[in-house]
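Counting with full-length UniProt numbering, you get residues 1 to 304 for the letters of the sequence shown. Quick reminder that beta carbons are idealized off the backbone N, C-alpha and C, glycines included. Before any comments, here is the structure.
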Amino acid sequence: MSDNFPVQGLRGRLTANAPLGARAWFRTGGPADWLFVPEDTDDLADLLRNRPVDMPLTVLGACSNVIIRDSGIEGVVVRLARGFSDIEVQTDGLVVGAAALDVTVAEHSAAAGLAGLEFLVGIPGSIGGAVRMNAGAYGSDINAVLDWADILTSDGELRRLTCEELGFAYRHSDLPEGAIVIRARLRGTPDAPDAIRERLAEIRASREASQPVRARTGGSTFRNPDGHKAWALIDEAGCRGLTLGGAQVSEKHCNFLLNIGDANSEQLETLGETVRKKVLDRSGIDLHWEIRRIGRRDVGEKTV
Numbered sequence: 001m002s003d004n005f006p007v008q009g010l011r012g013r014l015t016a017n018a019p020l021g022a023r024a025w026f027r028t029g030g031p032a033d034w035l036f037v038p039e040d041t042d043d044l045a046d047l048l049r050n051r052p053v054d055m056p057l058t059v060l061g062a063c064s065n066v067i068i069r070d071s072g073i074e075g076v077v078v079r080l081a082r083g084f085s086d087i088e089v090q091t092d093g094l095v096v097g098a099a100a101l102d103v104t105v106a107e108h109s110a111a112a113g114l115a116g117l118e119f120l121v122g123i124p125g126s127i128g129g130a131v132r133m134n135a136g137a138y139g140s141d142i143n144a145v146l147d148w149a150d151i152l153t154s155d156g157e158l159r160r161l162t163c164e165e166l167g168f169a170y171r172h173s174d175l176p177e178g179a180i181v182i183r184a185r186l187r188g189t190p191d192a193p194d195a196i197r198e199r200l201a202e203i204r205a206s207r208e209a210s211q212p213v214r215a216r217t218g219g220s221t222f223r224n225p226d227g228h229k230a231w232a233l234i235d236e237a238g239c240r241g242l243t244l245g246g247a248q249v250s251e252k253h254c255n256f257l258l259n260i261g262d263a264n265s266e267q268l269e270t271l272g273e274t275v276r277k278k279v280l281d282r283s284g285i286d287l288h289w290e291i292r293r294i295g296r297r298d299v300g301e302k303t304v
């Protein structure tokens with residue numbers, strides 16, 4: 001453990017000036033000042049309790065729905081990994097760690113003969129992020145299946161919040177500021193495993209046909225405004241296939257940004273803002289980012 005890090009006695013892996021771009025689905029972004037991979041919940045709680053109050057903390061999961069800015073992330077970045085990826089099958093549901101991938105949870109649910117979680121196979125990310133943003137697809141979302149989530153508050157206190165306490169709305173939850181999701185319980189209903197696997201296959205095929213799933217992308221870029229589809233507004237504004245350097249609006253599904261070769265994060269974010277302006281000028285509708293943009297905008301600027 002480095003003597004330069006302000007919290008001592010942590011058991012997890014700590015790396016200074018840690019590259020992050022290779023972890024992100026866009027394959028862009030600068031380094032973290034510090035990257036911490038905690039050993040377990042107690043290890044993470046120690047960090048939260050003892051870090052300086054002015055030290056920024058950012059949590060990264062699968063890095064699917066995120067643009068990490070080119071100048072990197074100030075403070076400490078926490079990445080939940082092996083100690084937070086357990087999946088426990090119960091009679092009428094699953095208890096899953098925050099680092100468990102959505103698609104893996106869907107597959108475990110199918111193997112256990114528990115229906116209702118098939119939609120997760122269409123979401124590129126991990127359960128912690130899915131709870132935080134009430135992720136959804138193919139007619140369902142986390143709000144429809146979650147019983148409770150265990151969180152660590154910003155000062156390291158372990159709490160259990162019910163679905164009602166999380167206050168889910170469209171792509172939103174009322175998680176306390178600075179809280180980190182540790183695990184969650186998701187409900188399932190009995191069904192034949194083969195029938196569930198067939199539905200998983202249908203969702204995979206639909207996603208493959210309509211989205212650029214094999215590209216360097218970050219998933220859906222903008223939230224759907226009330227009564228509208230973001231992709232349709234983007235298309236109507238003439239943005240399908242629009243490029244900026246190595247960044248492109250997908251021609252296959254224009255609510256997806258792509259790194260088509262050598263894009264950097266600034267190009268991706270600027271292209272997204274260009275799309276927002278064109279949509280606003282064309283339709284009067286202000287699109288809101290679904291992708292998180294995190295990190296310093298310029299060298300020396302604080303993380304936002």
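Using only the alpha-carbon positions, how far apart do residue i and residue j sit?
i, j, result
"LEU166", "ALA184", "12 Å"
"SER283", "SER250", "20 Å"
"ASP155", "MET55", "13 Å"
"ILE294", "GLU74", "10 Å"
"ARG49", "LEU161", "20 Å"
"ARG82", "LEU242", "39 Å"
"VAL279", "VAL7", "46 Å"
"PHE5", "PRO52", "10 Å"
"ALA192", "GLU202", "16 Å"
"ASP33", "ASP70", "13 Å"
"ILE67", "GLY113", "36 Å"
"residue 305", "VAL181", "With the chain represented from 1 up to 304, any question about residue 305 goes unanswered, as that position is not in the structure."
"residue 314", "TYR138", "The chain is shown only over 1 to 304; residue 314 falls outside these bounds and no answer can be derived."
"ARG79", "LEU57", "11 Å"
"ASP286", "PHE222", "10 Å"
"PRO38", "GLU107", "26 Å"
"VAL213", "LYS252", "10 Å"
Please determine, among the options, the residue with the shortest C-alpha to C-alpha distance to residue i.
i, options, result
"ALA230", "GLU290, MET133, ALA169, ALA179", "GLU290"
"ALA115", "VAL96, ASP92, ILE123, ASN134", "ASP92"
"ALA98", "ARG27, ARG199, ALA106, SER126", "SER126"
"ARG199", "GLU269, GLU236, ALA111", "ALA111"
"CYS254", "THR217, ASP281, GLY245, ASN264", "THR217"
"GLY30", "GLY61, ALA205, VAL76, GLY72", "GLY72"
"ALA237", "SER220, GLY245, GLY227, GLY272", "GLY272"
"PRO190", "GLY245, LEU268, TRP25, LEU94", "LEU94"
I think residue i touches residue j, with their Cβ atoms under 8 Å apart; what is that distance to the nearest whole Å?
i, j, result
"ASP186", "LEU101", "Note that residue 186 is Leu in the sequence shown here, rather than Asp. About 13 Å; that fails the 8 Å criterion."
"VAL131", "LEU120", "That pair is no contact at about 12 Å."
"CYS163", "LEU175", "Not really, about 12 Å apart at Cβ, beyond 8 Å."
"ARG207", "GLY122", "5 Å"
"GLY61", "GLY129", "5 Å"
"LEU244", "PHE26", "Contact doesn't hold; Cβ gap of about 14 Å is too wide."
Which residues mark the beginning and the end of the alpha helix (DSSP H) in which residue i is found?
i, result
"THR270", "265-283"
"LEU166", "163-166"
Tell me the residue span of the beta strand (DSSP E) that contains residue i.
i, result
"LEU10", "Looking at the DSSP string, LEU10 is not in any beta strand (DSSP E), and its letter there is neither H nor E."
"LEU257", "256-259"
"LEU35", "32-37"
"ARG292", "292-294"
"ALA179", "It is not in any beta strand (DSSP E) - ALA179 carries neither H nor E in the DSSP assignment."
"ALA247", "247-249"
Is the shortest distance between the beta-carbon of residue i and the beta-carbons of chain D less than 8 Å?
i, result
"PRO225", "The chain labelled as chain D is not found in the depicted structure, where only one protein chain is given."
Subject >> Completely contained beta strand (DSSP E) runs for the segment 41-88, where each covers 3 or more residues >> reply: 57-60, 66-68, 73-79
Subject >> Inside the segment 81-154 only - alpha helix (DSSP H) runs reaching at least 4 residues >> reply: 102-111, 127-133
Subject >> Contained alpha helix (DSSP H) runs [length at least 4] in the segment 189-243, N- to C-terminal order >> reply: Here the runs fully enclosed are 193-210, 230-236.
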